[in-house]
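To start, the structure itself, in structure tokens.
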Amino acid sequence: MIAGHFGFAALVKARERQAPLWALMLATVWLDVVFVPLFLAGIETIEFVPGTHGGYGAGIIHADYTHSLLGAVLISALFGIAFGVAWGRRTGVVLALVSFSHWLLDLIVHRHDMPLLPGHAAAQLPKLGLAVWQWPWAAAGMELGLLVLGAWFYWQAARAVSVSAGVGTRRAGLAGALILAGGLVVLALDVSGIAG
Amino acid sequence: MQFILGVIFFVVIVGLVDAGLPWPKPRPKHPPR
Numbered sequence: 057m058i059a060g061h062f063g064f065a066a067l068v069k070a071r072e073r074q075a076p077l078w079a080l081m082l083a084t085v086w087l088d089v090v091f092v093p094l095f096l097a098g099i100e101t102i103e104f105v106p107g108t109h110g111g112y113g114a115g116i117i118h119a120d121y122t123h124s125l126l127g128a129v130l131i132s133a134l135f136g137i138a139f140g141v142a143w144g145r146r147t148g149v150v151l152a153l154v155s156f157s158h159w160l161l162d163l164i165v166h167r168h169d170m171p172l173l174p175g176h177a178a179a180q181l182p183k184l185g186l187a188v189w190q191w192p193w194a195a196a197g198m199e200l201g202l203l204v205l206g207a208w209f210y211w212q213a214a215r216a217v218s219v220s221a222g223v224g225t226r227r228a229g230l231a232g233a234l235i236l237a238g239g240l241v242v243l244a245l246d247v248s249g250i251a252g
Numbered sequence: 000m001q002f003i004l005g006v007i008f009f010v011v012i013v014g015l016v017d018a019g020l021p022w023p024k025p026r027p028k029h030p031p032r
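Chains as they are written, first to last, in the numbering used here: chain A, 57 to 252; chain B, 0 to 32.
Set out below in structure tokens:
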């Protein structure tokens, strides 16, 4: 899941207007951003679901540090603290929660591959995931729903602040359109596997 | 690849467009006196 996370961040921006959108967008994928170097180092891995060649929702992700419950809580807390120092407690808490929302949304789609604890400590504990990726169109529909909702509520909020500040609403419309269009492109690339 | 494209697009490009909107600013921990 990629586009759905960005849609959720846009949805949060409509409510938490003091939190900069770029930071919310970074927060919503922060666990995956941390995952990238660990993946490149071979510490966290992706295994194709047997009988598939990978693709949208066809991966079993061994991300015991970034996508374990404890790991996600710690990484999100550090993210929130780092920004909270500069922008205040409320914004820091919002960013930490948005970062952790990644784990909750992934929980819906992942195929029983999300551990509670990182490393060997997790071996005896069950792995979590509701495995909606077994039905790719349902997962893609959920992402699309988050994206459309996020772009819509973001646009409404951006338009409202523009009107109340006495400035034009063109930029608000542009930003909302970019969220929707960019999200649709990312979702299409993700589902089709065109970009690898 | 779509992940990297998505991060760059949403954090940098959408973030820059959004930053030009008159949103309330985050309240710093210790506001200037």
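Here a beta-carbon is modelled for each residue, glycine too, at the ideal position from N, C-alpha and C.
field: For L200/A, three-class secondary structure by DSSP
entry: By 1-based counting over the first sequence, the position of residue 200/A is 144. L200/A: helix per DSSP, three-state reduction.
task: Quickly, what does DSSP pair G115/A with across the bridge? List them, please.
output: Numbered from its first residue, the first sequence carries residue 115/A at position 59. F104/A, per the DSSP bridge assignment.
query: How big is the Cα-Cα spacing for Q212/A and V188/A?
result: The residue given as residue 212/A occupies position 156 in the first sequence. The residue given as residue 188/A occupies position 132 in the first sequence. The alpha-carbon atoms of Q212/A and V188/A are separated by roughly 30 angstroms.
task: At 9 angstroms on the CB atoms, spell out the chain A contacts of I12/B, in chain order.
output: By 1-based counting over the second sequence, the position of residue 12/B is 13. Simply L234, G238.
Residue from G111/A, I116/A, H118/A, F156/A whose Cα sits closest to the Cα of A133/A: Locating residue 133/A in the first sequence gives position 77, counting from the first residue. That would be F156/A, whose Cα lies nearest to the Cα of A133/A.
field: Opposing strand residues paired with L184/A [DSSP bridges]
entry: Reading the first sequence from its first residue, position 128 is the one you call residue 184/A. For L184/A, which the question treats as bridged, DSSP gives the partners M170/A.
message: Let me make sure I understand the geometry here. Which of F8/B, P23/B, L4/B has the alpha-carbon closest to that of A233/A?
response: Translated into positions along the first sequence, residue 233/A becomes position 177. Ranking the options by Cα distance to A233/A, first place goes to F8/B.
- prompt: Going by alpha carbons, who is nearest to V90/A out of G110/A, S124/A, G60/A?
  reply: Taking the first sequence and counting its residues from 1, one reaches residue 90/A at position 34. Of G110/A, S124/A, G60/A, the residue nearest in Cα terms is S124/A.
- prompt: In chain B, which residues lie with their C-beta within 8 angstroms of the C-beta of I58/A?
  reply: Translated into positions along the first sequence, residue 58/A becomes position 2. Going along chain B in sequence order, the residues near I58/A (Cβ under 8 angstroms) are Q1, F2, G5.
field: Proximity of D17/B and A228/A at Cβ, strictly below 7 angstroms
entry: Against the second sequence, residue 17/B aligns to sequence position 18. Against the first sequence, residue 228/A aligns to sequence position 172. No, the pair does not count as a contact, with Cβ atoms beyond the cut-off.
query: Roughly how far, in whole angstroms, is the beta-carbon of P174/A from the beta-carbon of G127/A, given that I think they are within contact range, below 8 angstroms?
result: Position 118 of the first sequence, counted from the first residue, corresponds to residue 174/A. Position 71 of the first sequence, counted from the first residue, corresponds to residue 127/A. Between G127/A and P174/A the Cβ distance is about 5 angstroms, and since that is below 8 angstroms, they are a contact.
task: Below 8 angstroms on the Cβ atoms is my guess for L205/A versus G60/A; work out the distance and round it to an integer in Å.
output: In the first sequence, the residue the question calls residue 205/A occupies position 149. In the first sequence, the residue the question calls residue 60/A occupies position 4. At roughly 10 angstroms, the Cβ-Cβ gap does not stay under 8 angstroms, so L205/A and G60/A are not in contact.
- request: Please name the residue, chosen from M57/A, I235/A, G222/A, Q74/A, that lies closest to R145/A on a Cα-to-Cα basis.
  value: What you label residue 145/A is simply residue 89 of the first sequence in a count that begins at 1. With distances taken between Cα atoms, R145/A lies closest to Q74/A.
- prompt: With 16 as the cutoff for other CB atoms within 10 Å, does K11/B come out buried or exposed?
  reply: On the second sequence, residue 11/B is found 12 positions in, with the first residue counted as 1. As written in the sequence, residue 11/B is Val, which differs from the Lys given in the question. By the neighbour-count rule (16 or more Cβ atoms within 10 Å), V11/B is not buried but exposed.
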